[in-house]
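A quick write-up on the structure given underneath.
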Amino acid sequence: MAETAVSLAGQHALPKILEAVKMLRDLPKEVRDITDELESFQDFINDADKVAEAEEDDGRRHRIKERVMRLRETAFHMEDAIDEYHISCEDKQPDDPRCAALLCEAVAFTKTQILLLQSAYKIQDVKSLVRAERDGFQSHFPLEQRPTSSRGNQDVTWQKLRMDPLFIEEDDVVGLDGPRDTLKNWLTKGRKKRTVIFVVGIPGVGKTTLAKQVYDQVRNNFECHALITVSQSYSVEGLLRHMLNEICKEKKEDPPKDVSTIESLTEEVRNCLRNKRYVVLFDDVWNGKFWDHIESAVIDNKNGSRVLITTRDEKVAAYCRKSSFVKVHKLEKPLTEEESLKLFCKKAFQYSSDGDCPEELEDISLEIVRKCKGLPLAIVSIGGLLSQKDESAPEWGQFSRDLSLDLERNSELNSITKILGLSYDDLPINLRSCLLYFGMYPEDYEVQSDRLIRQWIAEGFVKHETGKSLEEVGQQYLSGLVRRSLVQVSSLRIDGKVKRCRVHDLIHNMILGKVKDTGFCQYIDERDQSVSSKIVRCLTIATDDFSGSIGSSPIRSIFIRTGEDEEVSEHLVNKIPTNYMLLKVLDFEGSGLRYVPENLGNLCHLKYLSFRYTGIESLSKSIGKLQNLETLDIRGTDVSEMLEEITKLKKLRHLLSYYISSIQWKDIGGMTSLHEIPPVIIDDDGVVIREVGKLEQLRELTVTDFTGKHKETVFLDK
């Protein structure tokens, strides 16, 4: 009887075993197939999204967007299945070195096969889900054949980076001559008492452009000057500290340390400005209470000092009048039709041979300009978009007709956002993701381009191009966003590349709307600790006591933005490596992090890890398990000893530190992917130089002696 039972069990089990063997054998091909299908499925989602945007009926548009969200969720499931397969393929080392070698290998092999079989079943399920969702969308909302741009979906031939003319190049600013002369006169002449000068106007009318241009022209007439972006969500301490840093930077001095209270920061700013004739520009002030917070710091030396403020709300100026002498310039008139057309042509035909509007496009250009209602930001964005298209009357005519639908359906402010949204819709898919990434940063945040590009690379947004490094391709992507007037250049490096960049607040608002629709990312602060979408991909946490649940949401990136003085909770830090195994980017920069979790090595997919400007003093040995890590940034920390485990990171490209007293240089020669390393201390026996000489991908090398007083940087050819 027992033998019969065993025989029957074997007969039932054998087909299952054979099926599992076949699934494991076919799994690599299944992964390749679903990877290829993911790209075409993303194109399908892009087309479906256009159907939703073009739908005029609000109810039907809402239903289409719900189906598009389901399509995006399916795409995320595809990505998860692919990533989980690669996790299953990772070499699992036995945790107990005392374990018998053969037994450990057998257990590890069995565990790997089980994980791979689970991946195989999941990929089958996901492929069925893709077919069901694609067919379901087509049955309810069939995609029609739509004409596409002859250039929109092709690789862009990236041209030399040029500064954004609206915000940087004085010769390209249009229609501001009169206001500019008025402000220059107010700033440089008049009474000796401190004067507060306001530029007031609606979003996109050119307040920042005007104020920044005038500030740049007159600042050398003053002994001290600073430019501060305020925004709606400023903190008093952060504002004062920013002022102090900017003033000290201009004076080529280090800001004072151990200044932590608002009172002490105010006094330090007063001391820096005392007996000085200064000009300070505060950009984007939202309410009158700002002046209560800042008035004591901007001391009245009665020597002709000036404070220049841009704001959308005239009540801010009225509030300030209670205690200060105030002048107000209302930038309320939009550009004239002639000025608008001039600005539009500067952008739309900036890369044409003669820079002039072709005769066949004159009427269409005027039609488009009129719909922009004289708002410079809208004009420059649309002009930048059209500069990427063929100068074809039918194509431009279709663009103008699509633009009409948006403008007729929304109020004035929403119309501007819609216009900016059209610039987004015209981007290639990879550039869309790059632009949406600015939603991870707060409004008016100036981000270093190197940091941004490394994060794009870690996320997989940057694609390989023959003969170019990923960093070079990323620079091209950023250049493309700048040229389309979607990203502003804040500063340039000596070599002409972007050093810092930001997006205008209107564009940031548009991005936030897009990320909400797509589940791309979410910003969590003290006021909102709930994750609204179950398919959130990226998360910014701007509170030190985040206790919300993000459940099984497939998070790929986490940014911690608590501020240096707000310690990050141990509960949150320890939860990250346990709950989010598919994480690719983990950025603690500028947060109150004090220690590194011991289980950090769980994040085997992690490619970007930044502890910059945090309070950590050492690294965890588990960091050696991060075999896919490409960037490790410990600049501005108290880490002085580099662990030997670092040398196990063979894919590391950027090892970023200002100075490390002791590093395992004897093994660094095996880290052949390195592009950047900390300053190298020259030794007597030449070991360090021999090891560094093995790093063929190194782009830059800084060498110093033991004293650190003599330092030289060499830029290396590829």
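So for the sequence shown, this note's numbering puts the first residue at 303; every next one is plus one.
We treat Cβ as the ideally placed atom computed from N, Cα and C, and that holds for glycine.
In the DSSP assignment, the residues bridged to residue 584 are 530 and 611. Closest option to residue 506, judged by alpha-carbon separation, among 824, 637, 561 and 661: 637. A residue is called buried when at least 16 other Cβ atoms come within 10 angstroms of its Cβ; residue 796 does not meet this threshold and is exposed. If you compare the alpha carbons of 957, 679 and 332 with that of residue 429, the shortest gap goes to 332. Straight-line measurement puts the Cα of residue 702 at about 14 Å from the Cα of residue 675. With distances taken between CA atoms, residue 579 lies nearest to 494 out of 840, 993 and 494. Judged by their CB atoms, residue 601 and residue 574 are not nearer to each other than the 7 Å cut-off.
Minimum Cα-Cα distance from residue 788 among the listed residues 685, 955, 872 and 877 corresponds to 685. Under the three-state reduction of DSSP output, residue 785 falls in the helix class. Distance between residue 680 and residue 672, taken at the CA atoms: about 11 Å. By alpha-carbon distance to residue 427, the top candidate from 633, 734, 376 and 642 is 376. In the DSSP assignment, no residue is bridged to residue 438. Taking the Cα of residue 615 as reference, the smallest distance to any Cα among 596, 628, 589 and 604 is reached at 589. Spanning the alpha carbons of residue 445 and residue 350 requires a straight line of approximately 7 Å. In the same chain as residue 772, and ignoring 5 residues on each side of it, the C-beta atoms closer than 8 Å to its own belong to 759, 764 and 766, in chain order. For the pair residue 690 and residue 737, the Cα-to-Cα distance works out to about 17 Å. Look at residue 697 here: in three-state DSSP terms it is helix.
Residue 681 sits in a helix when the DSSP states are folded into three classes. Straight through space, the alpha carbons of residue 486 and residue 477 are spaced by roughly 16 Å. Distance from residue 512 to residue 610 at the Cβ level is roughly 10 Å; contact not present, criterion being Cβ atoms closer than 8 Å. Distance between residue 362 and residue 819, taken at the CA atoms: about 16 Å. For residue 1002, the enclosing beta strand (DSSP E) covers residues 1002 to 1006. The beta carbon of residue 886 lies closer than 8 Å to those of 760, 761, 762, 858, 859, 907, 908, 909 and 910 in the same chain, with the five residues before and after it left out. Under DSSP, the beta-bridge partners assigned to residue 956 are 933 and 978. Following the DSSP letters along the chain, one finds residue 731 inside the alpha helix (DSSP H) bounded by residues 731 to 738.
Among the bridge pairs identified by DSSP, residue 369 is matched with none.
Counting only residues of its own chain and dropping the five nearest sequence neighbours on each side, residue 369 has a CB closer than 6 Å to the CB of 439. Around residue 793, the same chain offers 801 and 802 as residues with beta carbons nearer than 6 Å, after the five sequence neighbours per side are excluded. The residue from 973, 559, 480 and 475 with its alpha-carbon nearest to that of residue 644 is 475. Residue 531 is positioned such that its CB atom lies no closer than 7 Å to that of residue 612.
With a 10 Å radius around the Cβ and a threshold of 16 neighbouring Cβ atoms, residue 354 comes out buried. Between the C-alpha atoms of residue 339 and residue 367 there is a straight-line separation of about 22 Å.
Exclusion of the five residues before and after residue 496 leaves 602 and 607 as the residues of its chain whose Cβ lies within less than 6 Å of its Cβ. Relative to the Cα of residue 826, the nearest Cα in the group 804, 815 and 840 belongs to 840. Straight through space, the alpha carbons of residue 881 and residue 957 are spaced by roughly 26 Å. Between the segment 995 to 1007 and the segment 974 to 985, the count of Cβ pairs shorter than 8 Å is three or higher; the stretches touch.
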